[in-house]
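*Asks:* First the structure, which I've put down as structure tokens, then a few questions once you've had a look.
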Amino acid sequence: MTMNAETADVPGSPDGQLPGIRIVLPYHLRNLASVTGEVLLRVEPPITQRSVLDALEDRYPALQGTIRDHATRKRRAYLRFFACEEDLSHDSPDDELPERVVSGEEPFLIVGSMAGG
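Under the working numbering, the residues of the sequence shown are numbered 40 to 156, in order.
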């Protein structure tokens, strides 16, 4: 597993550290963000899709509008969100992510959908 050294610490957290949220991006979004492997972000609780995506877009501004629509902030049609072998794409963006994602044990996956026959 390759970890990207880029992290965003949350000021005011105990000893400046919170559990890291591991994010796996599709190849084209990794290129836009100029990262390799997983991205590790520190996000203040509650850890939701919205808070993780907000932190990701804050840290990597080139991703703004690529994962969520600029105006509606809804997930783009051809991207899916997965965690712990579950499709979270249609969950509320304000639902808390699974504990295994929050603890850093499992990654939050952003997957580009495939279409065609």
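Quick reminder that beta carbons are idealized off the backbone N, C-alpha and C, glycines included. Predicted model only: the values in this text are computed from it and were never measured.
(1) Drop a sphere of 10 angstroms on the beta-carbon of Val-140, count the other beta-carbons inside from all chains shown, and report buried for 16 or more, exposed for fewer.
(2) Tell me, which residues are paired with Gly-59 by DSSP?
(3) Of all Cβ atoms in chain D, is any one closer than 9 Å to the Cβ of Pro-58?
(4) Please classify Phe-120: is it buried, with 16 or more other beta-carbons within 10 angstroms of its beta-carbon, or exposed?
(5) Taking all protein chains shown into account, do 16 or more other C-beta atoms lie within 10 angstroms of the C-beta of Tyr-66, making it buried, or fewer, making it exposed?
(6) Under 7 Å Cβ to Cβ from Glu-96, same chain only, skipping five residues before and after it: list those, please.
(7) Could you spell out where the beta strand (DSSP E) holding Ala-122 opens and where it closes?
(8) Suppose the cutoff is 6 Å on Cβ atoms and the five residues either side in sequence are ignored; what does the same chain contact list for Leu-64 look like?
*Replies:* So, to answer that:
(1) Val-140 counts as buried, since at least 16 other C-beta atoms from the protein chains shown sit within 10 angstroms of its C-beta.
(2) Arg-81
(3) Absence of chain D from the displayed structure is noted, only one protein chain being present.
(4) Phe-120 comes out buried.
(5) exposed
(6) Leu-102, Gln-103
(7) 118 to 122
(8) Excluding sequence neighbours, Leu-64 sits near Ile-149.
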